[in-house]
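Since the structure comes first, as C-alpha cells, the remarks are kept for the end.
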Amino acid sequence: NPFAGVVSHLRASWLSGKTRPMEYRMAQLKALGHFLDDKKQQILEATASDLGKPPFEAELSEIFLCKNELHETLNNLSRWMKDEHVDKNLAMQLDSAFIRKDPYGVVLIIAPWNYPIHLFLVPLIGAIAAGNCPIVKPSEVSKKTERIVAEALPSYLDKDCFAVVTGGVSETTRLLENKFDYIFFTGSPSVGRIVMTAAAKHLTPVTLELGGKNPCYVSDTCDVTNVARRVAWGRFFNAGQTCIAPDYLLCTIDMQEKLIPALRKAIDDFYGPNPRESPDFGRIVSDKQFQRVQRLLGSGHVAIGGQTDEAERYIAPTVLVDVQPSDPVMQEEIFGPILPIVVIANMDEAIDFINARPRPLALYAFSSDDKVVNQVLERTSSGGFCGNDTLMHMTLTSLPFGGIGNSGLGMHHGKFSFDTFSHHRACLKRGMGWEPLNAPRYPPYSQQKFGVVRATTKVTRKNDCTLL
Amino acid sequence: NPYGGLVSHLRASWLSGKTRPMEYRVAQLEALGRFLDDKKQEILEATELDMGKPSFEAFFSEILLCKNELNVTLNNLCNWMKDEHVDKNLVMQLDSAFIRKDPYGVVLIIAPWNYPIHLFLVPLIGAIAAGNCAIIKPSEISKNTERLVAETLSCYLDSDCFAVVTGGVPETTRLLENKFDYIFFTGSPSVGRIVMTAAAKHLTPVTLELGGKNPCYVSDTCDVTNVARRVAWGRFFNAGQTCIAPDYLLCTIEMQEKLMPALREAITEFFGPNPRESPDFGRIVSDKQFRRLRALLGSGRVALGGQTDEAERYIAPTVLADVQPSDPAMQEEIFGPILPIVVIANMDEAIDFINARPRPLALYAFSCDSKIVNQVLERTSSGGFCGNDTLMHVTLTSLPFGGIGNSGLGKYHGKFTFDTFTHHRGCLHRNMGLETLNSPRYPPYTQQKLGLLTTTFEVKRRGTCTLL
Numbered sequence: 001n002p003f004a005g006v007v008s009h010l011r012a013s014w015l016s017g018k019t020r021p022m023e024y025r026m027a028q029l030k031a032l033g034h035f036l037d038d039k040k041q042q043i044l045e046a047t048a049s050d051l052g053k054p055p056f057e058a059e060l061s062e063i064f065l066c067k068n069e070l071h072e073t074l075n076n077l078s079r080w081m082k083d084e085h086v087d088k089n090l091a092m093q094l095d096s097a098f099i100r101k102d103p104y105g106v107v108l109i110i111a112p113w114n115y116p117i118h119l120f121l122v123p124l125i126g127a128i129a130a131g132n133c134p135i136v137k138p139s140e141v142s143k144k145t146e147r148i149v150a151e152a153l154p155s156y157l158d159k160d161c162f163a164v165v166t167g168g169v170s171e172t173t174r175l176l177e178n179k180f181d182y183i184f185f186t187g188s189p190s191v192g193r194i195v196m197t198a199a200a201k202h203l204t205p206v207t208l209e210l211g212g213k214n215p216c217y218v219s220d221t222c223d224v225t226n227v228a229r230r231v232a233w234g235r236f237f238n239a240g241q242t243c244i245a246p247d248y249l250l251c252t253i254d255m256q257e258k259l260i261p262a263l264r265k266a267i268d269d270f271y272g273p274n275p276r277e278s279p280d281f282g283r284i285v286s287d288k289q290f291q292r293v294q295r296l297l298g299s300g301h302v303a304i305g306g307q308t309d310e311a312e313r314y315i316a317p318t319v320l321v322d323v324q325p326s327d328p329v330m331q332e333e334i335f336g337p338i339l340p341i342v343v344i345a346n347m348d349e350a351i352d353f354i355n356a357r358p359r360p361l362a363l364y365a366f367s368s369d370d371k372v373v374n375q376v377l378e379r380t381s382s383g384g385f386c387g388n389d390t391l392m393h394m395t396l397t398s399l400p401f402g403g404i405g406n407s408g409l410g411m412h413h414g415k416f417s418f419d420t421f422s423h424h425r426a427c428l429k430r431g432m433g434w435e436p437l438n439a440p441r442y443p444p445y446s447q448q449k450f451g452v453v454r455a456t457t458k459v460t461r462k463n464d465c466t467l468l
Numbered sequence: 001n002p003y004g005g006l007v008s009h010l011r012a013s014w015l016s017g018k019t020r021p022m023e024y025r026v027a028q029l030e031a032l033g034r035f036l037d038d039k040k041q042e043i044l045e046a047t048e049l050d051m052g053k054p055s056f057e058a059f060f061s062e063i064l065l066c067k068n069e070l071n072v073t074l075n076n077l078c079n080w081m082k083d084e085h086v087d088k089n090l091v092m093q094l095d096s097a098f099i100r101k102d103p104y105g106v107v108l109i110i111a112p113w114n115y116p117i118h119l120f121l122v123p124l125i126g127a128i129a130a131g132n133c134a135i136i137k138p139s140e141i142s143k144n145t146e147r148l149v150a151e152t153l154s155c156y157l158d159s160d161c162f163a164v165v166t167g168g169v170p171e172t173t174r175l176l177e178n179k180f181d182y183i184f185f186t187g188s189p190s191v192g193r194i195v196m197t198a199a200a201k202h203l204t205p206v207t208l209e210l211g212g213k214n215p216c217y218v219s220d221t222c223d224v225t226n227v228a229r230r231v232a233w234g235r236f237f238n239a240g241q242t243c244i245a246p247d248y249l250l251c252t253i254e255m256q257e258k259l260m261p262a263l264r265e266a267i268t269e270f271f272g273p274n275p276r277e278s279p280d281f282g283r284i285v286s287d288k289q290f291r292r293l294r295a296l297l298g299s300g301r302v303a304l305g306g307q308t309d310e311a312e313r314y315i316a317p318t319v320l321a322d323v324q325p326s327d328p329a330m331q332e333e334i335f336g337p338i339l340p341i342v343v344i345a346n347m348d349e350a351i352d353f354i355n356a357r358p359r360p361l362a363l364y365a366f367s368c369d370s371k372i373v374n375q376v377l378e379r380t381s382s383g384g385f386c387g388n389d390t391l392m393h394v395t396l397t398s399l400p401f402g403g404i405g406n407s408g409l410g411k412y413h414g415k416f417t418f419d420t421f422t423h424h425r426g427c428l429h430r431n432m433g434l435e436t437l438n439s440p441r442y443p444p445y446t447q448q449k450l451g452l453l454t455t456t457f458e459v460k461r462r463g464t465c466t467l468l
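So the sequences go chain by chain: A and B.
Start counting the first sequence at 1; every next residue gets the next number (the UniProt record's numbering).
Start counting the second sequence at 1; every next residue gets the next number (the UniProt record's numbering).
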C-alpha cells in the first residue's frame, strides 16, 4: 500500500489536535491565498498550456472565484465554528444542548482537469476551515497545473497536515484502498461510482460532483439576441469544457430559425470571423478528448462552425441542427464547444424530454415570461437551475452547488463547503444533580410517571399555517 | 426483478407531481398520526410479543417520540418547504437567488427490529414531508410488528405513493437492485457497507444509522448514586437492545468499587430482587441473539446478575468486572443487558482507549467537574455526546442524530430529517433584459473588463474577529 505512510502521517497529525484551533486554520487558509497571489502568473501559463485557457478566464475561475471563497470563509469561520445552541424542551431547561462542529479527520479531494486549480482548491478551503487534514489528488490530464500543485503548494501549507498525491488511474485506485474520513470527488459519473464503491468499504461519506447533459430550454417569448449571447458564452467558455455548460438547446423550429443568426452574430462578436485566431477561445485538453468531441460533429448538420485542427486540438464554436435524440451527440456529455439544437413542439414536450433523461447538474430555461421559467423549474429536477442565463448561479457563494441522481450527491461552496467537511455532533450536557427530575423515567413504571414524562417532553401540535 | 413493478409504480406517482402540494403531505402525515393513535394497543402488544418490550417503554419510544417528530414537522413544514432566499452580490441585486427544496423521488427506508416502529416511522415522516414517495422495509425479526406494519399501514397512506415490502436478506438484496433516489438504512455496520455498495451502483445518496460500542467514562468526581441510576437506565432499557445504549464503562478501580453497590441498588430499585419477575424489563428478540449474548457472559467476572433463561430469552441485568480489552464482550457491540467495566488509570487513558477504537454512535462522560466533561468531548469523536446522562440527547428534536466513521453517515430528527430527504437546489432567476450588465464578461477579453467584473463580484476580506 504505497500511500499508507502518507495517510497515517496525516492521521497522526490530526489526532494530535494540531488542526483544531481557529488560528491554525486561518493561517493555512491565508497561506492558500498567498499561493494564489504568488503563483498567479504560473497558474495562468500552466492552464494556457494545458488547455489553451484564455488568461481572462483562468484569472476569473482559478484565481478570482477561489479568492472569493477564501474571503467568505475567512470572514465567517469563527461564527461557523461556534457551537450552535438549540431549542430545548421543558425537561432540559437547565441543560446545555448544542451542535458541536467536529472535523472528520483525514479527507481526500480528487479533482478533474477542466478547472484544475478551482476544483480542488474550493473544496480544500472547506476541508481546512472545518479542521481536517486533506490529501489532494489533482488531475494528471492537466499536466502543467498538476506540477505546480505538487511542487509549489506544499511549501505554503503545513506538511504534517496536508499532502499532494499525483498519478493516474492506477495510483488513484491504490490511494482509494486507504480509509479516509471523507472523500470529495469531482469528475464523471462512471468514476463517481467507482469512488463511492471504494468509499463504501470503509463507510466513508462522500460528495460527488459529477456531470451529465445540461438542458437549455428557450421559449418562443424571449429576447433572441440576449439569449444567444448568454447561451454562447456559457457553451464556449473554456472551449465548452465546463460541467455546468448548457449541453444542448431545446426549442421550437421557429425559435431555432431565429436563434441561428443570433448565435452566429454572438460568436462573431466574441471571437471574430476566425475563432482559431482569437486569444479568447480555448483548446481541447488532450488528443483523446479531441477525437471524442470531433466524432460528435457528425450528428445532425453543422449550422455554424464545425472546423477543427488536430495539431492545435482546436474545435470551432459549433452549432448543430436537425439533431435527433438518437444521435451520438445526444448520447454523452459533450464537454466541448458544440451546441446541438433539438427541436420540440412546445414547453410540455421540452419538459417531458428533460424528465425522460438522467437528472442534470444544471438546467437552464430562457423566457421573458416568468411563469414559463417557473414552470420549467417546478416540473423538473436538477442539481441547480438558472433562469435567463447560464453558469452564473455557481458564482454566488450563498447558493449550494451540487448534483442530484446521476449528476452527483452532496453540495459545496461558501458555508456549504464547511458544513460538508464538518461532522455536526449533537451534544447534551446535563447536571450531575437534579436527580428527582429524572425519577419519572425509571422503573418501576406507572401511568402517573408516564404522564409526567409525557408532559415534560411532548411537542404539541400548533395551529395550521398557510404556505405563502 | 420482483420489485421492479412496485418501484416504477411509485416513480410514476412521483413524476405525476402528486406528492408536491403541502396539503397532500400534511394529509399523509396526519394519517400517520392516526395510525399511531388507532394502532397504539396493537403496537404495544406486538413489540411485547417480539422482544418483551414493557408497555411504558413502547409507549415512550414507539408512540410518544414519534408523535413529537410528527408534531414538529406539521408545525414547521410550511416554513421548511419555502424557498430560502440568499445573500446576493452587487451584480445580482435585481435577480432572484434562492434555494428550492425539491424531493428526491422514490426513497427506500430499511428499519431494524429493536425500535421497530420508531426507526422506520421517524425517517418516513421526513421522507413524506419532503415530498417523496417511499418504500418501507421493516425488520423480519420483529415479526409481529412487521405483520402489523405490512397489514395496516397501507390503509392509512396513499398506496400510489407508499408501500411496505417484507422479507429477509434475499428479498432485501433483490430490492436493492432497483434504483432508488435515496436510501435510509438503520442497522449494523456490516450490512451498512452492503447497502452503500448497492447504492453506489446507482449513485444513490444514503444515510446510514449504524452502531458500535458506545463508551461511558465515569470520572472519580461524581455522584455515584445518580451515575449508577442513569447508566443502568440507559443500559437496561429495552433489555439493552438500543443503538445508543452505554456499551461499556471506563473508570478507575476505586470508582468501580463504589459503582458496584450503587449499580446493584439501582437495578434492585428498578426491577426488584428478581428482574425476571418484573413487568418492566424486556427480553432478547431471538434465540440467535440470546445465544450470542450468553456467550459474552464469560468475559471478566459476573459482579451483578448473570442469570439467563433460554425459554424466555431472559438475560438478567448484568455487570461484568475485571474485563480485559481482549475479552469477547469488548470485541462486538453488546446490544443486550450486559455492562462490562474496563478499568483505566485516569481520564487520559480513557480518552486514548476510546480514540484507539472505531468512532461510536454515542459517547458518555460523567463528572461533577464540567472541565472533565468538556475535555472528553473535545478530545474524542463520536456521532453524538451526552454529559452526565445516557440516551437523552436523542429525545430533543432540535439535535441532529447520526453517526461518524463506523457508526454511520448522515443525520436526522426534526428538521434534519426533512433536510435529509430534500435536494437543496441552487436557483438563480435573472432578467431577460439588462444585457449591458453582462457585457464585461464576454470576449473579446480586456483588462478593463476584468477589472469591472472583479469589482462587481468581489467578496472582500473583512476585519478580523475573535472567537469568543
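Backbone N, C-alpha and C fix where the C-beta goes; we use that ideal spot for every residue, glycine too.
- The C-beta separation of N388/B from R430/A comes to about 4 Å, placing the pair in contact by the 8 Å criterion.
- Within chain B, the residues whose beta carbon sits less than 8 Å from that of Y442/A are R229, W233, E269, F270, listed in sequence order.
- When C-beta distances to chain B are compared with 8 Å, the residues of the stretch 176-187 of chain A below that value are D181, in chain order.
- Shown here, V218/A sits in a strand according to DSSP, grouped into three states.
- Neighbours of T197/B in chain A, taken as residues at a C-beta separation under 7 Å, are given in chain order as T197, A200.
- Looking at the DSSP output, V141/A sits in no beta bridge, so it has no partner there.
- Exclusion of the five residues before and after D327/A leaves S299, G300 as the residues of its chain whose Cβ lies within less than 7 Å of its Cβ.
- Contact between the stretch 244-255 of chain A and the stretch 402-411 of chain A is absent, with fewer than three C-beta pairs closer than 8 Å.
- With a cutoff of 8 Å on beta-carbon distance, L361/B and L339/B are scored as not near each other.
- Of the residues M347/A, E312/A, R100/A, the one whose Cα lies closest to the Cα of E378/B is R100/A.
- Among the bridge pairs identified by DSSP, E378/A is matched with none.
- Look at A426/A: its C-beta is under 8 Å from a C-beta on chain B.
- The alpha-carbon separation between Y104/A and N178/A amounts to approximately 15 Å.
- F120/B is not a Cβ neighbour of I135/B, given a cutoff of 8 Å.
- Nearest CB-CB separation between E312/A and chain B: not below the 8 Å threshold.
- With fewer than 16 other Cβ atoms from the protein chains shown falling within 10 Å of its own Cβ, H85/B counts as exposed.
- Assigned with DSSP and collapsed to three states, C243/B falls in coil, not helix or strand.
- When A46/B, R359/B, P2/B are compared, the shortest CA-CA separation from R174/B is found for P2/B.
- Remark: C-beta atoms of I63/B and H424/B do not approach each other more closely than 8 Å.
- An exposed status is given to H34/A, since fewer than 16 other beta-carbon atoms sit within 10 Å of its beta-carbon.
- By the criterion of a C-beta distance shorter than 7 Å, R430/B is surrounded in its chain by D95, once the five residues flanking it on both sides are discounted.
- If only complete runs of 4 or more residues are kept, the stretch 15-54 of chain A shows the alpha helix (DSSP H) at 22-38, 40-51, in order along the chain.
- Collapsing the DSSP output to three states places H413/B in coil.
- Counting along the chain, H9/B sits inside the alpha helix (DSSP H) bounded by residues 4-15.
- At a beta-carbon threshold of 8 Å, none of the residues of chain B lie near Y115/A; the nearest stands roughly 16 Å away.
- In its chain, beyond the 5 residues on either side, L44, T47 have a beta carbon closer than 6 Å to the beta carbon of A58/A.
- Each residue's CA atom was taken as its position, placing H202/A and A198/B some 14 Å apart.
- Secondary structure note for P189/B: its alpha helix (DSSP H) is the uninterrupted segment 189-201.
- Cβ neighbours of C222/A within its own chain (closer than 6 Å, five residues either side excluded): F366, S367, S368.
- Under a criterion of Cβ atoms nearer than 9 Å, the residues of chain B adjacent to W233/A are, in order, N438, R441, Y442, P443.
- Residue ranges of uninterrupted alpha helix (DSSP H) with 4 or more members, entirely inside the stretch 85-163 of chain A and ordered along the chain, are 118-129, 143-151.
- Chain A places a beta carbon closer than 8 Å to that of M432/B, counting this residue as a contact.
- Of all alpha-carbon atoms in E209/B, V231/B, V206/B, the one lying nearest the alpha-carbon of P215/B is that of V231/B.
- Taking the beta carbon of N388/A as reference, the chain B residues within 8 Å of it are H429, R430, N431, M432, listed in sequence order.
- In terms of Cα proximity to G387/A, the closest of N226/A, H118/A, M26/A, W113/A is N226/A.
- The stretch 307-316 of chain B makes contact with the stretch 274-292 of chain B: 3 or more CB pairs, one atom from each, lie closer than 8 Å.
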